[in-house]
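**Q** Protein sequences, first through last, are from chains A, B, C, D, E and F. Per the working numbering, the first sequence runs over residues 964 to 1099. Per the working numbering, the second sequence runs over residues 964 to 1099. Per the working numbering, the third sequence runs over residues 964 to 1099. Per the working numbering, the fourth sequence runs over residues 964 to 1099. Per the working numbering, the fifth sequence runs over residues 964 to 1099. Per the working numbering, the sixth sequence runs over residues 964 to 1099. Note that beta-carbon positions come from the ideal geometry of N, C-alpha and C, so glycine has one too.
6 protein chains.
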Amino acid sequence: MVYLTRVEHFNAAHRLYNPEWSAAKNEEIFGKCANKNWHGHNYELFVTVKGNPDPETGFLIDAKILSRIINTHVLEEVDHLNLNEDVTFMKGKLCSTENLAIGIWNQLSGKLPPSVHLHCIKLYETPQIFVEYYGD
Amino acid sequence: MVYLTRVEHFNAAHRLYNPEWSAAKNEEIFGKCANKNWHGHNYELFVTVKGNPDPETGFLIDAKILSRIINTHVLEEVDHLNLNEDVTFMKGKLCSTENLAIGIWNQLSGKLPPSVHLHCIKLYETPQIFVEYYGD
Amino acid sequence: MVYLTRVEHFNAAHRLYNPEWSAAKNEEIFGKCANKNWHGHNYELFVTVKGNPDPETGFLIDAKILSRIINTHVLEEVDHLNLNEDVTFMKGKLCSTENLAIGIWNQLSGKLPPSVHLHCIKLYETPQIFVEYYGD
Amino acid sequence: MVYLTRVEHFNAAHRLYNPEWSAAKNEEIFGKCANKNWHGHNYELFVTVKGNPDPETGFLIDAKILSRIINTHVLEEVDHLNLNEDVTFMKGKLCSTENLAIGIWNQLSGKLPPSVHLHCIKLYETPQIFVEYYGD
Amino acid sequence: MVYLTRVEHFNAAHRLYNPEWSAAKNEEIFGKCANKNWHGHNYELFVTVKGNPDPETGFLIDAKILSRIINTHVLEEVDHLNLNEDVTFMKGKLCSTENLAIGIWNQLSGKLPPSVHLHCIKLYETPQIFVEYYGD
Amino acid sequence: MVYLTRVEHFNAAHRLYNPEWSAAKNEEIFGKCANKNWHGHNYELFVTVKGNPDPETGFLIDAKILSRIINTHVLEEVDHLNLNEDVTFMKGKLCSTENLAIGIWNQLSGKLPPSVHLHCIKLYETPQIFVEYYGD
Chain A
964 MVYLTRVEHF NAAHRLYNPE WSAAKNEEIF GKCANKNWHG HNYELFVTVK
1014 GNPDPETGFL IDAKILSRII NTHVLEEVDH LNLNEDVTFM KGKLCSTENL
1064 AIGIWNQLSG KLPPSVHLHC IKLYETPQIF VEYYGD
Chain B
964 MVYLTRVEHF NAAHRLYNPE WSAAKNEEIF GKCANKNWHG HNYELFVTVK
1014 GNPDPETGFL IDAKILSRII NTHVLEEVDH LNLNEDVTFM KGKLCSTENL
1064 AIGIWNQLSG KLPPSVHLHC IKLYETPQIF VEYYGD
Chain C
964 MVYLTRVEHF NAAHRLYNPE WSAAKNEEIF GKCANKNWHG HNYELFVTVK
1014 GNPDPETGFL IDAKILSRII NTHVLEEVDH LNLNEDVTFM KGKLCSTENL
1064 AIGIWNQLSG KLPPSVHLHC IKLYETPQIF VEYYGD
Chain D
964 MVYLTRVEHF NAAHRLYNPE WSAAKNEEIF GKCANKNWHG HNYELFVTVK
1014 GNPDPETGFL IDAKILSRII NTHVLEEVDH LNLNEDVTFM KGKLCSTENL
1064 AIGIWNQLSG KLPPSVHLHC IKLYETPQIF VEYYGD
Chain E
964 MVYLTRVEHF NAAHRLYNPE WSAAKNEEIF GKCANKNWHG HNYELFVTVK
1014 GNPDPETGFL IDAKILSRII NTHVLEEVDH LNLNEDVTFM KGKLCSTENL
1064 AIGIWNQLSG KLPPSVHLHC IKLYETPQIF VEYYGD
Chain F
964 MVYLTRVEHF NAAHRLYNPE WSAAKNEEIF GKCANKNWHG HNYELFVTVK
1014 GNPDPETGFL IDAKILSRII NTHVLEEVDH LNLNEDVTFM KGKLCSTENL
1064 AIGIWNQLSG KLPPSVHLHC IKLYETPQIF VEYYGD
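(1) Identify every residue that forms a DSSP beta bridge with I1092 (chain B).
(2) Based on the DSSP output, what are the partners of C1083 (chain F) in its beta bridges?
(3) Using only the alpha-carbon positions, how far apart do P1076 (chain C) and E1040 (chain F) sit?
(4) I think I1084 (chain B) touches V1010 (chain B), with their Cβ atoms under 8 Å apart; what is that distance to the nearest whole Å?
(5) So with Cβ pairs under 8 Å, would you call A975 (chain F) a contact of chain C?
(6) With 8 Å as the threshold, decide whether the Cβ of N981 (chain C) is near any Cβ in chain D.
(7) Cβ atoms of L1023 (chain E) and V965 (chain E): under 8 Å apart, would you say?
(8) For G1066 (chain E), name the three-state secondary structure that DSSP assigns.
(9) Can you round the beta-carbon distance between E983 (chain F) and Y1087 (chain F) to whole angstroms, since I take them to be within the 8 Å contact cut?
(10) Along the chain, where does the alpha helix (DSSP H) that runs through R1031 (chain D) open and close?
(11) How many angstroms separate the CA atom of E1095 (chain F) from the CA atom of I1067 (chain F)?
(12) With a Cβ-Cβ cutoff of 8 Å, do F1052 (chain F) and N1034 (chain F) count as a contact?
(13) What does the alpha-carbon distance come out to for the pair T1089 (chain B) and H1002 (chain B)?
(14) Could you tell me how far apart the beta carbons of N974 (chain D) and H1004 (chain E) are, in whole angstroms, since I believe they sit closer than 8 Å?
(15) Leaving out five residues on either side along the sequence, give the residues of the same chain with a beta carbon under 6 Å from the beta carbon of L979 (chain E).
(16) Considering just the uninterrupted stretch of the alpha helix (DSSP H) at N989 (chain C), what are its terminal residues?
(17) Who are the neighbours of L967 (chain D) on chain C, taking C-beta pairs under 9 Å?
(18) Give me the DSSP bridge partner(s) of N1045 (chain D).
(19) What residues in its chain sit with their C-beta under 6 Å from that of N1045 (chain D), if we drop five residues either side in the sequence?
(20) List the residues of chain F whose Cβ lies closer than 8 Å to the Cβ of C1083 (chain C), in chain order.
(21) Work out the CA separation of L1038 (chain E) and H972 (chain F) for me, nearest whole Å.
(22) Select from D:G1098, D:G1073 and D:H1080 the residue whose C-alpha is nearest the C-alpha of G1014 (chain D).
(23) Are any of the Cβ atoms in chain D nearer than 8 Å to that of S1057 (chain C)?
(24) Out of F:A987, F:T1020 and F:E991, which has the shortest C-alpha to C-alpha gap to T1060 (chain E)?
(25) Taking 8 Å as the CB-CB limit, is V970 (chain A) close to chain D?
(26) Under the assumption that A1064 (chain D) contacts L967 (chain D) (Cβ atoms under 8 Å), give the Cβ distance between them as a whole number of angstroms.
(27) On the criterion of 16 or more Cβ atoms from any shown chain inside 10 Å, does P1018 (chain B) qualify as buried, or is it exposed?
(28) If you count every other CB in all the chains shown that lies within 10 Å of the CB of D1049 (chain D), and 16 or more means buried, which is it?
(29) Cβ of D1025 (chain E) less than 8 Å from any chain F Cβ?
(30) Less than 8 Å between CB atoms is the rule here; does E1048 (chain B) satisfy it with respect to chain A?
(31) For R1031 (chain F), which option in F:A987, F:L1071, F:L1057 and F:A986 has the closest C-alpha, if you only look at C-alpha atoms?
(32) Residues in the same chain with beta-carbon distance under 6 Å from L1029 (chain F), minus the five sequence neighbours each way, listed in chain order, please.
(33) So, under 8 Å CB-CB, Y1057 (chain D) and N981 (chain D) are touching, yes? Tell me the CB distance rounded to an integer number of Å.
(34) In its own chain, which residues sit with a C-beta less than 8 Å from the C-beta of H1043 (chain F), not counting the 5 before and 5 after it?
Here it is in structure tokens:
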């Protein structure tokens, strides 16, 4: 069993905001992150898959193919967009890094070739904060 | 003459959009960067000052004092905000990294103690793109 | 189950020295790290907690609150100090990165809100050496 | 149980090429990576070992000794060399990052002092692609 | 005057070898870098241009256009290739980082729009060695 | 004219302390940096030299030779030592990053082969603070 990780980047706007709360409570809990005009991040995404290398190629999966799958199912949905307003798979969800990592897992789950298994989504929101999700 | 650089970070939303152009021309020139719902970045800011170290402290300027000046005049104006909507010193300007670096220079110019001179603003928008401005 | 990591930094002096050994044996085993006048490092600390995101906030724990807990129980005890001389939780222990990571675990254990569990302390001593400790 | 990681670097040439395939099939599957005149990388290697710190030193293993073992059994075999042509432990194997990580595991397995166990080989081929191998 | 830098990466094989010298002298001067079967690197390239931002876009030059120019005139010529064997603009030259940076300058000189000027080529061969060239 | 930079690292203890001031004034001006039991850093040192590449080697200077010069005249003097207590070239000087960069310049000045000139000492004290010195 070998683990292969592909690192990708995207930029997006978001805000932390619970629509069931008052503006004051949102401001109290989320502080500057609740700013009504949004803020944004350069997200750094690590997608890790696991499995056995193919004896004919030495590859678990061609990293370019993995990159293409991530681009199609994740980056095209989030890059240079607004996570709260523009992203179908985050509709109705709070746009925390935790929920975004789970959303990205769900986007990729079932999209990989049968020989590899999705192992971990690791997502940096800033160089000081990141989340990891293993699917359960 | 010694040069001292302090590195700071901020997160902000923005969009590239020329209000004198049609939506189609904005889309043509700025592509995804013109998204009407904004996107955002983790900006990395390098502020370089120059001068002679004080013989009593060995400091050109105490890096904590420099950090406080940058926080007051720059970070509090831009961090977790929308560069197009919320930032006074970018009002009426296109929110490119070039113009943002010039705007940050103007915010800091004249705010430093007389013994140091502002030398360079270096601003990373993403790990692949940065701008430097030396004040002229 | 989601894992959230907060990255923090501190600077400290230390030396590697076993008081039950002669100076010669300390020098033989620890080399330059035994220097009687100390040396020091910029330590980079990764604190990982695990649990389920709160449905009302999307947060496992607010990263600012986690940062405050780390500051109170770790950084205020070690930053800009001497690990051998000034740090209560390292008293009587050899100041290796291994023991420092275990000491930081013990400082944080029991200090987190009940909804999150401490998962891992990862501590870089230099960009080439780091230690991970999972509490057992 | 504590985990200690030592980070090392090496530079090498390689090509991806299956000798049982035609040049056209190699080109189709491996693209530019099959270039007959080779290409190369700065590999970044993370070797993680686990065990209990020695009470007399506070060390799991002296990081300088670990570095020396990695130098003798890995770096001297691969650094500034051609993975396909010059490296005994890769003879007859496809020089993918996956196979190289497994090869490095096999080089180090059995070469460590009895008090520590090899835990993980993590190998970056580029800043965007890395492989982890845990020995099974 | 503003300076804009675009960061790009490429991987290549090379060797240091003066064909007018004996193998022994090449080995003496270049050491492991003269290995006849090549070695290689992940090169990191910083291309800096200077000029005045366009008042209609706020851009000195669209970073995507700059990236396309670098891709066409540099990366397509060197990426996943052998600097000594495959690269037209290095023919007959010693493949040091110094000469490669000068060669990249010459490839880009004259290929930029008239509103911007090439200012600096900065090229990392490894994380510990880089070269800068300003065109004279 | 080409510029070549070699990056090196060292670890050291220090404190900021003006012996002509009272303990209270040192504490007021230098804060935690004045701690009597020292603190320390992983310093990152960039040494830049300039000149013309040798036509026979393509090198401005062999980076291994430059590294050896830096090791002999700088790293052996400061690594794993106490800047205030153990370092001859800092005797009687305040151990600020500014003065340390100037001290390193003076250590290297006159130690390079005649074909290259020392251009810049760049010294990171932490990832957020660095100093540059050009010799005047």
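**A** On the basis of the coordinates in this document:
(1) Locating residue 1092 (chain B) in the second sequence gives position 129, counting from the first residue. According to DSSP, I1092 (chain B) bridges with B:T1089 and E:R969.
(2) By 1-based counting over the sixth sequence, the position of residue 1083 (chain F) is 120. Bridge partners of C1083 (chain F): F:T1011.
(3) Mapped onto the third sequence, residue 1076 (chain C) falls at position 113. Mapped onto the sixth sequence, residue 1040 (chain F) falls at position 77. One C-alpha to the other measures close to 47 Å.
(4) Here the question's residue 1084 (chain B) lines up with position 121 in the second sequence. Here the question's residue 1010 (chain B) lines up with position 47 in the second sequence. Right, the Cβ-Cβ distance comes to about 6 Å (below 8 Å), so this counts as a contact.
(5) Taking the sixth sequence and counting its residues from 1, one reaches residue 975 (chain F) at position 12. At least one chain C Cβ lies under 8 Å of A975 (chain F).
(6) Your numbering for residue 981 (chain C) matches position 18 in the third sequence. By this cut-off, N981 (chain C) is an interface position.
(7) To locate residue 965 (chain E), count along the fifth sequence from 1; it is residue 2. To locate residue 1023 (chain E), count along the fifth sequence from 1; it is residue 60. Closer than 8 Å, so yes.
(8) Within the fifth sequence, residue 1066 (chain E) is the residue found at index 103, counting from 1. Look at G1066 (chain E) here: in three-state DSSP terms it is helix.
(9) Counted from its first residue, the sixth sequence places residue 983 (chain F) at position 20. Counted from its first residue, the sixth sequence places residue 1087 (chain F) at position 124. Taking the Cβ atoms as the reference, E983 (chain F) lies roughly 29 Å from Y1087 (chain F), outside the contact range of under 8 Å.
(10) For the purposes of this step, residue 1031 (chain D) is taken as the residue at position 68 of the fourth sequence. First-last of the alpha helix (DSSP H) with R1031 (chain D): A1026 to I1033.
(11) As a working note, residue 1095 (chain F) is residue 132 in the sixth sequence. As a working note, residue 1067 (chain F) is residue 104 in the sixth sequence. Cα-Cα distance, rounded: 11 Å.
(12) On the sixth sequence, residue 1052 (chain F) is found 89 positions in, with the first residue counted as 1. On the sixth sequence, residue 1034 (chain F) is found 71 positions in, with the first residue counted as 1. No; because the gap between Cβ atoms is not below 8 Å, this pair is not in contact.
(13) Position 126 of the second sequence holds residue 1089 (chain B). Position 39 of the second sequence holds residue 1002 (chain B). The alpha-carbon of T1089 (chain B) is positioned some 13 Å away from that of H1002 (chain B).
(14) If you number the fourth sequence from 1, residue 974 (chain D) lands on position 11. If you number the fifth sequence from 1, residue 1004 (chain E) lands on position 41. That pair is a contact at about 6 Å.
(15) The count along the fifth sequence starts at 1 and reaches residue 979 (chain E) at position 16. Only F993, C996 and A997 meet the Cβ criterion.
(16) For the purposes of this step, residue 989 (chain C) is taken as the residue at position 26 of the third sequence. A986 to F993 is the span of the alpha helix (DSSP H), which, as asked, contains N989 (chain C).
(17) Mapped onto the fourth sequence, residue 967 (chain D) falls at position 4. Chain C residues near L967 (chain D): T1060, E1061, I1092, F1093, V1094 and E1095.
(18) For the purposes of this step, residue 1045 (chain D) is taken as the residue at position 82 of the fourth sequence. Bridge partners of N1045 (chain D): D:A976.
(19) Counting from one through the fourth sequence, the residue named residue 1045 (chain D) turns up at place 82. Result list for N1045 (chain D): A976, in chain order.
(20) The sequence position of residue 1083 (chain C) within the third sequence is 120, counting from 1. What C1083 (chain C) touches in chain F: nothing, since even the nearest Cβ is about 22 Å away.
(21) In the sixth sequence, the residue the question calls residue 972 (chain F) occupies position 9. In the fifth sequence, the residue the question calls residue 1038 (chain E) occupies position 75. Inter-residue distance for H972 (chain F) and L1038 (chain E) is about 31 Å (C-alpha atoms, whole angstroms).
(22) Against the fourth sequence, residue 1014 (chain D) aligns to sequence position 51. A check of alpha carbon separations from G1014 (chain D) across D:G1098, D:G1073 and D:H1080 identifies D:H1080 as the nearest.
(23) Taking the third sequence and counting its residues from 1, one reaches residue 1057 (chain C) at position 94. Before going on, a small fix: residue 1057 (chain C) reads as Leu here, not Ser. Yes - at least one Cβ of chain D is within 8 Å of the one on L1057 (chain C).
(24) As a working mapping, residue 1060 (chain E) is identified with position 97 in the fifth sequence. Across the set F:A987, F:T1020 and F:E991, the C-alpha of F:T1020 shows the shortest separation from the C-alpha of T1060 (chain E).
(25) Numbered from 1 along the first sequence, position 7 holds the residue referred to as residue 970 (chain A). Yes, contact with chain D.
(26) Locating residue 1064 (chain D) in the fourth sequence gives position 101, where the first residue counts as 1. Locating residue 967 (chain D) in the fourth sequence gives position 4, where the first residue counts as 1. That belief does not hold up - the Cβ atoms of A1064 (chain D) and L967 (chain D) are roughly 19 Å apart, past 8 Å.
(27) The sequence position of residue 1018 (chain B) within the second sequence is 55, counting from 1. So P1018 (chain B) ends up on the exposed side.
(28) Locating residue 1049 (chain D) in the fourth sequence gives position 86, counting from the first residue. Buried, by the Cβ-count rule.
(29) On the fifth sequence, position 62 is the one that residue 1025 (chain E) refers to. Any Cβ of chain F closer than 8 Å to the Cβ of D1025 (chain E) would place that residue at the interface, and such an atom is absent.
(30) If you number the second sequence from 1, residue 1048 (chain B) lands on position 85. The C-beta of E1048 (chain B) comes closer than 8 Å to at least one C-beta of chain A.
(31) For this step, residue 1031 (chain F) is matched to residue 68 along the sixth sequence. Closest by alpha carbon: F:L1071.
(32) Along the sixth sequence, one-based indexing puts residue 1029 (chain F) at 66. Excluding sequence neighbours, L1029 (chain F) sits near R969.
(33) Within the fourth sequence, numbered from 1, the residue matching residue 1057 (chain D) stands at position 94. Within the fourth sequence, numbered from 1, the residue matching residue 981 (chain D) stands at position 18. First, the amino acid is wrong: residue 1057 (chain D) is Leu here, not Tyr. Contact holds; Cβ gap of about 6 Å.
(34) Position 80 of the sixth sequence, counting from 1, holds the residue named residue 1043 (chain F). Sequence-distant partners of H1043 (chain F) (beyond 5 residues in either direction) whose C-beta falls short of 8 Å from its own C-beta, in its chain, are F973, N974 and A975.
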